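I have placed the structure first, in the form of structure tokens, so that the comments after it can refer back to it.
Chains as they are written, first to last, in the working numbering: chain A, -16 to 209; chain B, -16 to 209; chain C, -16 to 209; chain D, -16 to 209; chain E, -16 to 209; chain F, -16 to 209; chain G, -16 to 209; chain H, -16 to 209.
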């Protein structure tokens, strides 16, 4: 394969109207094994995905791998940020796509474009992504909202999913493909969402507001008060 | 000097009853210049200091360097986390200790032990710290709640303040010296505070709670439900 | 090529029933030349592969490159962990696939899916992997159980094997594709196996057990004993 | 201070006959927060310390910080490797030296030289180390058997303990100061111990043995068999 | 796709006569979010692109994403270095290719080969690049004149654009494909341009000139004057 | 020594009225050997020192090590930025302080506080710095305006000069100690100077100006024009 | 393309009998711009290629880009190690393949497999490699014997040459494909050659020889002499 | 201590006339455990020390730790480069200073200044260095000609030896303190020696010679021949 699968030559981008989001195994225990990026970055990216799904009213399906064991519970922020998300319990399958309830939940969304993230990248994200490609879905794998046990494992995985026809993407690109334009009523909410992905963006907003306030309120520089 | 200054042979640790905290120039613009640690880490450490001062009722003095200019405003979380903090405006002095109002505010706390953090480390933290040592204060410089423009600059600065008799410290150590024991009513608030310094601590708390809940609620492992 | 070779459009994953494992040149001397990952990590990954082959009763073939010389002996843990492994001595060939005994041993397993790891990646893993693709095998190359002399060499090699139709993979993914589900009697052995791949997993298991024991034995927190 | 404290001009090295070892808070939960070195490296170093104490019959005192909570249990290998170690429970004190039972246990060893390691370095190792210096002990802090939340925190801590008169050391140096000579009956056990500190040492031993075996058994090079 | 798109088998290189350059969203605010390379390096690369377009008389189109907000203004050097560049304002579209004025400006150049750079890589460079491929352009994406929020995001993006048929390139390669030969009258200007891409090149030129001057002016070595 | 030498207990800071600056061996050839920081960063720091000396009218003495040989010429920007600098040719001495003309030039400034930078740190900066301390000067060594052949060499050198009583410092701290306050007529020139030390400062100034212009000119956001 | 070009389905490996080697622009000046690997590593790899060409009697063609200017002379070891190499002077062309003499020299070797290395990777290696693919050659690009100005540029270039049908490879793999077997008379020379690629291999040979000598000469351990 | 020991206020530099060099345990096996710098760099630095001792006729004493075992033989280049070096066999002592023959050999040189390097830094260099300080020697420890098992161990060791009064130094500084001036007959040999410490220095020499040759031989630029 290696070309983006199932696009039939169309521009390989996300159509927000056709998209469902799968957030797989973002669990407190598994997060301890993540070493390809700082864990708080991963946590923020996963939350950002949930938030953008809510902003765009995209269906979200979550699942966890034996959360009663050492893998630990799903991080709570995902369902907080996407209250409409549907949780599907598995019965031990490592590949979520091997669980019929999960596949059925995906099918019922009626969407053919899947945005997939999962921890660990190598397994929980990659296996369902590759499986879904085989069944005709257009699959976007959000590599930096997934997390795995080494940078090398992440690089290997990137190569493998591309080889299988999955479109690799990052959290910022998903946000921007879904948002599409700043000319929308919820633009401010998107700006806040980007602060989860680009932390300096929060500083930019703060500095921008202050710089304008100085003019608006006619503030004097402290150093000219001396 | 190089020995911890002004301890006269006493154990060189923080006495919470004798301590005041100086948080200097943690501004949105200056934060963009920080390169010795990820900026969000610095931001969390500065917030953690403000929170622990509140938990321990330690006086806090803040100040900013020309916040009407490109240096930008103080990050808002500091005064939110330490509502009792006193802000002292300067009139252009780079070394806060060169501003008489600032020195007077410190003096009025009646404390002789100063916990100092400031951005950039090289200047805004180090100059007042070195100045205060000369005037008889016991000074603890929180290097990883300060932030500067390169790792090398941070290392140079660490060497310089030690040479001048300042006690170098990190955010976690300040927290633990102030907290002293887990046998206290606000132990839970301290646990939450540590999640700002050690992000995996949040995962530990989540996994711990879930593991106990599984026993308490007699939950079955998903994988044995199959 | 560049698409996974010899799958004829089927889902490019490992079928444990059709798989044989080739562990090539994991020798004490060659391990000293490895620089793309910490050597103990590589050693653990190679051992983990041997263990999972044993758990799944997958045939294993090992070989070594002139172990009587500076390349040194095979690390002993591989045959310890996979006592059923068959060792094939070569007569100087660098590409194990150039040795007729080796190819014959592979052929006799009757398997068409090969899981290949070898040190150094660039040579001992890659040459047989590329050769096997040409002869119709489905080949999975376990890049992080191989090891080579620089990170750059590893990246180059990853690109080359993908170009040749090999499926790149990592140790964790091989484990999970072979294990398939936690709903199996040997689940505990798999959990232990993952501690070789994700060292923090051992901590998770320890902390999980203790957290549950505290409830089960009704232990008091030390800090509330004071 | 900054000079090694309490040596009164004597060579600042460990006298094995006068030494006790303090292993503080090496707990499964706290290990998840360690980021200044790979956790498995820290784990091996802590185990190596316990082993060398056993080889040299040095008293060992262990303790843990609220092991019933998220900090988790002591890693089991320490008491396995040093069965003679004495565990002292605390009642919430963060600085083990604030616990009278702990100080008393140290006193009872009758030793005046302390080898101290603890997680996290910034707190659990540094506070007792600095406290003990004040009470006249010669203190060696094993920085790379301690572990803390950032490389920067480790560097800051190194500077602080040196400033306070603690002698900073590493796991290998402690081993070599205790072992002193290879001319001893347990030399082989020391060689094995070093494989925990220098993992390539295991490869050296394996390659060395094989190279000698080739001569002793008159083995032919595989490449000359062709 | 994955092969370079729209070349129809021709050598996939830049034909300077058929090329237009698109410089997208190189803005002072967005530059603060860049973390895959040092920002001054990115700034120099963007300027170098503008300069080489001027040297080769290649049309340049610039645009910015809401420069009145926190994203900030275009860095001024781009239009200074390429005074012939045409600026196209957008009306909020994140993908410049979604803005009809922008597409029309590209079309009007009459060129079918596009050299594209933009910040952030993941979005502002990649979206137009992928879009243009779909409309038949030969697209060269200058990854190291773009800049994004993490090294991982850059690597993901590289994989995605290659998958989509974009030709990935770097600033030096664009310069050399455009320059083609040192046998040209403006060779000296190209040498200076390379100092923006390879900073040591400036040292080479300085040392080279001095070494020749020593001969030409018959200078004595200072050390032989003693 | 290890305490800052020759301060006799006074605050160990730079008194601009008593300071001379020594810029030693910043040569194009030697710059090629620098590996403890990116060379362009070193170049900017050296230029920044020259500029601040000019702003504060501090005497500057430069020298070079056999610039007629492979060490190459002084970088030209230093004398451009400090036209008042005095160049002293040596006759082969590696330690500039071994050259009587150099020592005499320093003596003639009448200053007792020396700000020293030189490439390579290990030699050209450190030797004169240590020598000057012995002759009663207060010496500030600007480690990140010096440059040496490895990060390790830089760290070793930092330790050695501190041990010898030199005050280690960084370029930003020198600037701020000399500038002292933003309440001065040349404040804008200092702001520009900091852009050489903190490159993001340039972005801050650009974004700040644009944010204020938007208010002052009542500009509309592009995204609200749609 | 993206599959290895011009193999027509044959195993994509080097046939030593059909190979010529092109070593392009390994010049002292250009080497100063290399930042994707330590320059001495690159130098050793280039020398190793020349040596293996000599061992295998493979034709070598060298060329340089304006060696009379700041790019500097070819490093001398290449022609020393491959005395049979043919040097082709260019007349300013950046892409060596644009020089008719160079192309003719390649053609005259009668070989259809080209092993190409050049500095900088992005230009001097990549342009001829891509050009040769178009003219029907099987091209192996030795990425880690080339060298370029940033790790990112190297990664981009790897992607581009793979996209163009070039086979990416590393120095070790070229050596092993050419050597093929240890069962050859010049095996010792190959072992020495590998010490240029894997420096620890030299240690292995030294330790191996000593370990055998101890047995052969019946040496006593120093530690048992005590 | 922490001040340089045994200088009694004199300038803490090496007096070549009073210096002896101790090169301890630079063995092929131990070199495999080195991880604080690339091993070939360490090897070059050790060789450089031997060469400069020969150039300055400084006595050299070498020794090895059980070279008949896995630690391996001394690297041969040391005695090749310093044929006058005296080898002292030990009888198992880890600290060379515990061996009476070694101490006696040092004493017999009649020198009071010792330049010490040894692998591993933590043990073989540090223990004799600290011991010698106690016995009145001025000791210079060449940290980057020593080598140890982690960067952290190197940093800890640097702190410990400084605390003990040893002067830390690097290979380049030792060379320059011994050489003192370029105005000497063997200047060319020193230039060559520096190429072992600063590998780019070799490029500088090559480029310098070529640049001058172009003038001297009136060579035309290739690009103007076109």
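Even glycine gets a Cβ: it sits at the ideal position worked out from N, Cα and C.
Everything numeric in this text was worked out from a predicted model, so none of it was measured.
For the region 135 to 166 of chain E, residues whose beta-carbon sits nearer than 8 Å to a beta-carbon of chain H comprise 164, 165, 166.
For residue 57 (chain H), the pairing in a beta bridge is given by DSSP as H:10. Your pair residue 139 (chain C) and residue 141 (chain G) checks out as a contact, with CB atoms roughly 7 Å apart and the cut at 8 Å. By the neighbour-count criterion, in which a residue is buried when 16 or more other Cβ atoms sit within 10 angstroms of its Cβ, residue 162 (chain B) is buried.
The beta-carbon of residue 195 (chain A) is placed less than 8 Å from the nearest beta-carbon of chain F. Per DSSP, residue 69 (chain H) lies in no alpha helix (DSSP H) segment; the continuous beta strand (DSSP E) that holds it begins and ends at 69 to 72. For the pair residue 55 (chain F) and residue 77 (chain D), the Cα-to-Cα distance works out to about 58 Å. Close to residue 85 (chain D), with beta-carbon spacing below 7 Å, lies no residue of chain C; the smallest spacing is near 12 Å. What residue 18 (chain E) touches in chain F, judged by beta-carbon distance under 7 Å, is nothing: the nearest beta carbon there is about 12 Å away. Annotated as distal: residue 170 (chain H) and residue 129 (chain E), with beta-carbon spacing of 8 Å or more. Nearest neighbour of residue 202 (chain E) by Cα position, chosen from F:146, F:43, F:3, F:50, turns out to be F:50. Distance from the Cα of residue 30 (chain E) is smallest, within the candidate group E:91, E:-1, E:66, for E:66. Following the DSSP letters along the chain, one finds residue 97 (chain B) inside the beta strand (DSSP E) bounded by residues 96 to 101. For residue 123 (chain D), the enclosing beta strand (DSSP E) stretches over residues 121 to 125. For residue 157 (chain H), the three-state secondary structure derived from DSSP is helix. According to the DSSP assignment, residue 44 (chain C) belongs to the beta strand (DSSP E) that extends over 43 to 47. Residue 21 (chain H) carries a coil assignment under DSSP once its states are collapsed to helix, strand and coil. Fewer than three Cβ pairs drawn from the region 103 to 111 of chain A and the region 114 to 127 of chain C lie within less than 8 Å of each other, which leaves the two stretches out of contact. For residue 187 (chain G), the C-beta contacts it makes with chain C under 7 Å involve 12, 15, 53, in order along the chain. Just measuring C-alpha positions, the residue of D:20, D:25, D:43 sitting nearest residue 98 (chain D) is D:43. Secondary-structure assignment with DSSP links residue 151 (chain G) through a beta bridge to G:124. Separation of the CB atoms of residue 79 (chain C) and residue 33 (chain C) is rounded to 17 Å, and the pair is thereby denied contact status at 8 Å. The residue among F:115, F:102, F:149, F:194 with its C-alpha nearest the C-alpha of residue 156 (chain H) is F:102. Following the DSSP letters along the chain, one finds residue 178 (chain G) inside the alpha helix (DSSP H) bounded by residues 170 to 180. Listed in chain order, the non-local C-beta contacts of residue 114 (chain G) below 6 Å within the same chain comprise 80, local neighbours out to five positions each way being set aside. At the C-beta level, residue -14 (chain G) and residue 41 (chain G) stay beyond 8 Å of one another. Close partners of residue 209 (chain D) in chain C (Cβ separation under 9 Å): 73, 74, 75, 76.
Look at residue 51 (chain A) here: in three-state DSSP terms it is coil, with no helix or strand label. Distances from the alpha-carbon of residue 159 (chain H) to those of H:197, H:146, H:35 put H:35 closest. Per DSSP, residue 135 (chain A) is one residue of the alpha helix (DSSP H) stretching across 134 to 146.
With the criterion set as a beta carbon lying under 8 Å from some beta carbon of chain A, the members of the region 80 to 113 of chain E are 81, 103, 105, 106, 109, 110, 113, in sequence order. Looking at the DSSP output, residue 76 (chain H) bridges to D:164.
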